[in-house]
Amino acid sequence: MFYMNFDKIDECDMKLLDSLSQSLGVSGFEKEVCTWFLKNVTSSVDTSFLDIMGNAYATIPGLENGKNIMIEAHADEIGFQVLHIGESGFLYLRRNGGIDEQCIPGSQIVILTRSGERICGVIGKKPIHLMTTDDRKRTLELNQLWVDTGLDIEEVKSRVSVGDIVAIKPNWQWLSKNRISGKSLDNKLGVFILVKVMEALSKVKPIFNSVTSVATVQEEVGSRGVVIAGYKIKPDIAITIDLDFATDVPDCSSNKYGKIELGRGVVIPLNVDSDIELSRQMEKIAKKNGIIYQMSAKPHATGGTNISRLQLVREGVRTISLGIPCRYMHTPVEVCDMRDVGAAIQLITYFCLQREF
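Position one of the sequence shown corresponds to residue 7 (our numbering), numbered consecutively onward.
Now the structure itself:
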């Protein structure tokens with residue numbers, strides 16, 4: 007019933023992904039992504055709204071004796087804010103989130119100004135020809151990089167302000183029929199999954215359990231928005247969707263990080279952030295319905311996603327995280343496989359239709 011054939015993505019989902027890829031959502035400035043979420047989920051749900059912090063909610067109510075299930079995916083992406091406008095019109099940046107600075111020189115960027123204008127630019131550095139041998143061996147600090155907009159100083163100062171957000175330019179592309187690459191797949195693919203799960207659940211209403219999907223804000227700067235959402239929804243069970251480290255690349259030892267591969271299915275965790283009984287139930291559902299999945303003890307016992315903070319809301323929440331394998335996390339060229347995305351949509355949908363947990 008809920009088979010998502012991502013071996014061949016239909017035109018509607020292609021357009022949906024393309025529109026999502028164009029939204030900017032640097033941590034603390036997620037309005038475009040949350041607006042995209044509400045626009046595309048509203049027809050599938052009974053109620054939807056934004057809270058004071060910017061989290062976006064969409065609910066399909068269940069029966070009175072059903073569970074209250076919350077599904078969340080963070081809407082924010084790593085990026086920058088303008089820290090200083092130099093005398094020559096070059097811009098200097100401060101990070102919002104843990105971006106991999108080694109991959110940043112030479113990147114194309116977009117500045118979203120306070121007036122809503124988008125200004126293109128590039129991140130520059132001293133040419134390698136002018137660097138000493140010692141300079142070439144050192145990792146560049148962010149204050150050694152700058153944004154060049156190509157504008158003269160007067161125009162820069164009239165259009166750009168300290169605090170404006172700076173994001174890597176949207177660059178999603180298909181590497182093969184299944185695999186997609188680009189910046190901010192972490193975690194726009196999670197937000198896409200939220201929309202598709204609610205769409206699937208809407209086709210079998212009424213449902214037993216109440217389900218609320220939340221596009222949460224500020225995960226990349228300390229998992230802030232999810233705490234507010236947890237207090238708001240008061241869930242019995244909460245599911246976090248985020249990207250997970252794929253280890254099927256060179257110099258990423260399975261002995262150290264576990265074995266996680268692209269195209270082998272959604273990742274079901276077994277660390278302390280996830281309720282072990284829920285993890286086992288997810289595994290049983292996947293087996294029963296022929297959904298591809300991978301089990302992981304995770305490289306760390308706790309942390310790395312919203313779930314570790316959501317678990318501790320109020321008197322505690324039964325939580326489970328699900329992961330989409332991703333190569334080159336927090337770089338402008340993250341790579342994921344849509345077959346894993348389809349598996350996550352199927353698994354979450356079937357899970358939400360259960361009556362016993």
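Just so you know, even glycine gets a beta-carbon here, dropped at the ideal spot from N, CA and C.
Computed from a predicted model, the values in this text were never measured in an experiment.
Taking Cβ to Cβ, would you say residue i is nearer than 7 Å to residue j?
| i | j | result |
| --- | --- | --- |
| THR222 | GLY228 | no |
| GLN179 | SER33 | no |
| GLN300 | ILE266 | yes |
| ILE354 | VAL203 | yes |
| VAL220 | GLU78 | yes |
| VAL197 | CYS358 | no |
| ASN295 | TYR356 | yes |
| LEU249 | ASP343 | no |
| ASP346 | VAL272 | yes |
| ASN6 | GLY72 | Look at the range of the chain in this structure, 7 to 363, and you will see that residue 6 is not part of it. |
| GLN317 | THR311 | no |
In its own chain, which residues sit with a C-beta less than 6 Å from the C-beta of residue i, not counting the 5 before and 5 after it?
| i | result |
| --- | --- |
| MET7 | Caution applies to MET7, whose pLDDT of 49 falls short of 50 and renders its modelled position unreliable; the value that the coordinates give is listed next. Taken in chain order, the list of residues that qualify is empty. |
| GLU226 | SER33, ASP82, ILE84 and GLY103 |
| ASP24 | none |
| VAL39 | SER29, GLY31 and ALA81 |
| PHE55 | TYR63 |
| PRO176 | SER27 and GLN28 |
| VAL47 | ALA64, VAL201 and MET204 |
| VAL339 | SER187 |
So which of the options has the shortest CA-CA distance to residue i?
| i | options | result |
| --- | --- | --- |
| VAL128 | SER121, THR145, LEU136 and ALA173 | ALA173 |
| ASP254 | VAL341, GLY236, ALA235 and ASN184 | VAL341 |
| GLU107 | ASN71, HIS135 and ARG144 | ARG144 |
| CYS126 | ASP141, ILE134, MET344 and ILE171 | ILE171 |
| LEU200 | GLN114, GLY112 and ILE245 | ILE245 |
| SER49 | GLY310, ASN312 and ALA206 | ALA206 |
| SER187 | TYR334, GLY130 and ALA350 | TYR334 |
| SER190 | ALA350, ILE115, ASP257 and GLU321 | ILE115 |
| SER259 | LYS45, GLU362, PRO305 and ILE117 | PRO305 |
| PRO133 | ARG124, PRO111, GLU123 and LEU148 | PRO111 |
| LEU195 | LYS37, ASP141, ALA350 and CYS18 | ALA350 |
| ILE117 | ASP141, VAL153, ILE313 and LYS37 | VAL153 |
| GLN360 | THR155, ASP141 and LEU284 | LEU284 |
| SER113 | ASP141, ARG142 and THR155 | THR155 |
Can you tell me the Cα-Cα spacing of residue i and residue j, whole angstroms?
| i | j | result |
| --- | --- | --- |
| VAL323 | ILE91 | 45 Å |
| ILE247 | THR119 | 30 Å |
| LEU276 | SER302 | 6 Å |
| MET59 | ASN193 | 18 Å |
| SER121 | THR337 | 28 Å |
| ARG286 | LYS293 | 11 Å |
| ILE105 | LEU26 | 20 Å |
| GLN352 | MET137 | 52 Å |
| SER327 | LEU157 | 45 Å |
| ASP16 | THR139 | 51 Å |
| ILE282 | LYS290 | 12 Å |
| GLN150 | LYS131 | 7 Å |
| MET288 | ILE274 | 7 Å |
| PHE43 | THR308 | 28 Å |
| ARG315 | ALA235 | 11 Å |
| LEU89 | GLY264 | 39 Å |
| ARG124 | ARG101 | 19 Å |
| SER280 | ILE243 | 11 Å |
| ASP19 | HIS135 | 46 Å |
| LYS21 | LYS45 | 14 Å |
| ASN61 | THR41 | 10 Å |
| ARG142 | ASP257 | 22 Å |
| PHE363 | ILE313 | 18 Å |
| LYS37 | LEU146 | 31 Å |
Using a Cβ-Cβ cutoff of less than 7 Å, which residues in the same chain neighbour residue i once the five nearest sequence positions on both sides are dropped?
| i | result |
| --- | --- |
| PRO241 | ASN74, ILE75, MET76 and VAL323 |
| ARG270 | ILE298 and GLN300 |
| ALA252 | ILE266, GLU267, LEU268, PRO331, CYS332 and ARG333 |
| LEU148 | LEU99, ARG101 and GLU107 |
| CYS109 | THR337 and PRO338 |
| VAL166 | VAL88, ILE91, LEU97, ILE117, THR119 and ILE125 |
Note down, in chain order, each residue of its chain lying with its Cβ closer than 8 Å to the Cβ of residue i, except the 5 sequence neighbours on either side.
| i | result |
| --- | --- |
| ASP52 | THR65, ILE66 and PRO67 |
| TYR237 | VAL319 and ARG320 |
| LEU181 | SER187 and VAL341 |
| ASP436 | Residue 436 is absent from the model: the chain starts at 7 and stops at 363. |
So does residue i have its beta carbon nearer than 6 Å to some heavy atom of the ligand PLP?
| i | result |
| --- | --- |
| SER121 | In terms of ligand content, the structure shown is empty, and the ligand PLP therefore cannot be addressed. |
| query | Touching or not, the region 26 to 40 and the region 79 to 94, by the rule of three or more beta carbon pairs under 8 Å? | reply | yes
| Any 3 or more C-beta pairs closer than 8 Å across the region 162 to 176 and the region 204 to 211 | no
| request: Assess, as a yes-or-no matter, whether the region 94 to 102 is touched by the region 60 to 72 under the definition of 3 or more beta carbon pairs within less than 8 Å. | output: no
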